[in-house]
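Contents: one structure, followed by commentary.
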Amino acid sequence: MKLETSTATCPAGTIKLFTLTNSRGASVTLSSLGAGIISINVPDAEGTLADVVLGYQSPASYLHDGPCCGKIPGRYANRIGHGTFTLRGKEYHLEVNNGPNALHGGTDGFQNRLWDAAAVSDDTVEFTLFSPDGDGGYPGNLNVKAAYTWTDDCTLTLRLTATTDAPTVINLTNHAYFNLDGEHSGSVLDHELKLSAPSYLVTDVNLLPTGEIDPVEGTPMDFLDFHTLGSRINADFPALKNAKGYDACFAAEGYAMEPDKMRTLAVLRAPRSRRSLTVESTQPGIQVYTGNWLAEGPESISGHEYPDYSGVALECQHFPDSPNHPEFPTTELLPDGKYDETIIFKFATY
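Per our numbering, the sequence shown starts with residue 55, numbered consecutively.
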């Protein structure tokens with residue numbers, strides 16, 4: 055494994071960049087801004103390398119970008135209804151930054167912070183962040199770590215851990231957008247997706263969960279077998295109409311019975327390049343977002359604008375708005391506990 059480091063600047067300060075290159079020449083570039091993924095170069099069926107995650111030409115462009123490209127949002131990824139929740143009898147108020155809801159921890163969420171960063175070995179980079187009590191409206195002093203490991207078989211493992219000194223809530227994920235034909239290749243609506251998720255979270259017009267978890271069978275939300283992302287994206291179905299595409303949380307099979315089990319949540323494949331991506335996680339849900347508003351983002355790493363639907367985010371996480379839904383898996387973290395979740399991205403060809 056080869057490790058290279060460099061720096062860039064942004065208004066928040068100095069960004070540290072780490073590139074890990076394996077024995078096959080496949081590489082991952084990571085950034086201390088948002089503890090994010092800048093690029094992942096992996097071979098196609100012919101052995102040709104290409105960058106399969108969306109990214110920007112300038113490392114500074116990741117600061118406050120609308121798509122949250124490749125970064126780790128927090129303290130709570132996804133939505134919290136009306137920016138309020140009650141924990142241990144006390145009501146907390148967050149920044150409302152997505153219609154009537156709080157999204158991704160607010161304007162200055164973890165995705166827009168410079169994390170401390172260090173390579174702990176040739177194949178692993180660790181990012182750490184301290185979030186003080188009251189940060190973004192959340193209680194408790196929180197210490198967070200994101201450790202990325204890259205292997206010779208083109209597997210990227212992300213382990214997310216956190217501890218607190220007071221009861222709080224937490225939900226972390228990675229928000230990379232994948233295009234397995236290459237980040238410059240246009241729409242992903244011809245990509246085929248399969249999910250190990252027999253149900254999905256019903257949402258209102260503002261994409262906030264209603265509390266209902268409905269079966270996917272017989273709906274355009276059914277990815278129990280492979281379907282292209284675009285085959286039903288324009289169906290007359292509330293979840294798709296309200297989001298202008300897929301932007302929904304799917305509940306992992308068996309999440310309630312085995313809440314901490316590592317399981318395969320998704321398989322994505324691209325018929326043109328014959329690349330595939332298998333996503334495994336200990337998280338109970340996966341948010342599938344087909345990049346419905348990507349055109350609002352900065353200039354791409356290859357020097358053009360990303361049209362909508364140029365990438366798909368597969369965000370392994372706890373359910374949106376869980377602090378307001380006691381029937382959902384808990385996102386509460388206590389001083390005597392530890393948040394510990396893993397996401398694995400396995401790249402291959404078929």
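C-beta atoms are modelled at their ideal positions from N, C-alpha and C, and glycine is treated no differently.
Item to check | Segments of 3+ residues assigned as beta strand (DSSP E) that fall wholly inside the segment 219-253 | outcome: 246-249
Next on the checklist: My output table needs one value for Tyr360: the three-state DSSP class, helix, strand or coil.
Outcome noted: coil
Checklist entry - Mind checking Val174: buried by the 16 CB within 10 Å criterion, or exposed? => result exposed
Next on the checklist: Between the alpha carbons of Asn296 and Gly308, how many angstroms are there, rounded?
Outcome noted: 28 Å
Item to check | Lys70 - DSSP class collapsed to helix/strand/coil | outcome: strand
Next on the checklist: If you follow the alpha helix (DSSP H) that Lys295 is in, where does it begin and where does it stop?
Outcome noted: 292-297
Next on the checklist: Quick check on the DSSP output: the beta strand (DSSP E) that includes Trp169 runs from which residue to which?
Outcome noted: Taken as a continuous stretch (DSSP letters only), Trp169 belongs to no beta strand (DSSP E), as it is neither H nor E.
Checklist entry - How far does the beta strand (DSSP E) with Arg323 in it reach, from first residue to last? => result 317-324
Item to check | Distance, Tyr300 Cα to Leu278 Cα | outcome: 15 Å
Checklist entry - So, are the CB atoms of Ile355 and Leu212 less than 8 Å apart? => result no
Checklist entry - Mind checking whether Gly109 and Ser93 have CB atoms under 8 Å apart? => result yes
Item to check | Bridge partner(s) assigned by DSSP for Ile397 | outcome: Leu212, Ser335
Checklist entry - Measuring CB to CB, does Asp375 end up less than 8 Å from Leu262? => result yes
Item to check | Through-space distance from Ser115 to His136, alpha-carbon basis | outcome: 29 Å
Checklist entry - How would you label Gln341, buried or exposed, when you count the other beta carbons within 10 angstroms and need 16 or more for buried? => result buried
Checklist entry - Along the chain, where does the beta strand (DSSP E) that runs through Asn95 open and close? => result 90-97
Next on the checklist: Please determine whether the Cβ atom of Tyr363 lies at a distance below 7 Å from any heavy atom of the ligand MG.
Outcome noted: Ligands in the displayed structure: none, and consequently the ligand MG is not present.
Checklist entry - What are the residues that DSSP puts in a beta bridge with Asn155? => result Asn152
Item to check | Proximity below 8 Å, CB of Glu149 to CB of Gly88 | outcome: no
Checklist entry - Taking all protein chains shown into account, do 16 or more other C-beta atoms lie within 10 angstroms of the C-beta of Gly163, making it buried, or fewer, making it exposed? => result buried
Item to check | The beta strand (DSSP E) enclosing Gln371, as first and last residue numbers | outcome: 366-371
Next on the checklist: Tell me the rounded alpha-carbon separation between Val223 and Glu395.
Outcome noted: 14 Å
Checklist entry - Can you find at least 3 beta carbon pairs, one from the segment 268-282 and one from the segment 332-340, that sit closer than 8 Å? => result no
Item to check | Between the CA atoms of Ala367 and Ser253 - distance to the nearest angstrom | outcome: 18 Å
Item to check | Contact belief for Asn346 with Tyr363 at Cβ below 8 Å, rounded distance in angstroms | outcome: 7 Å
Checklist entry - Pro269: which of Val242, Ala305, Phe291 sits nearest, CA to CA? => result Ala305
Checklist entry - Who pairs with Glu266 in a beta bridge, going by DSSP? => result Glu266 pairs with nothing; no bridge assigned.
Checklist entry - At a cut of 8 Å, does the segment 317-325 reach the segment 244-258 through at least three beta carbon pairs? => result yes
Checklist entry - Are the CB atoms of Leu168 and Gly236 nearer to each other than 8 Å? => result no
Checklist entry - What first and last residue would you give for the beta strand (DSSP E) that runs through Asn197? => result 196-204
Next on the checklist: Considering only their Cβ atoms, is the gap separating Arg133 from Leu157 smaller than 8 Å?
Outcome noted: yes
Next on the checklist: Using the three-state DSSP reduction, which class does Gln111 fall into: helix, strand or coil?
Outcome noted: coil
Item to check | Beta-ladder partner(s) of Ser330, from DSSP | outcome: Arg323, Ala402
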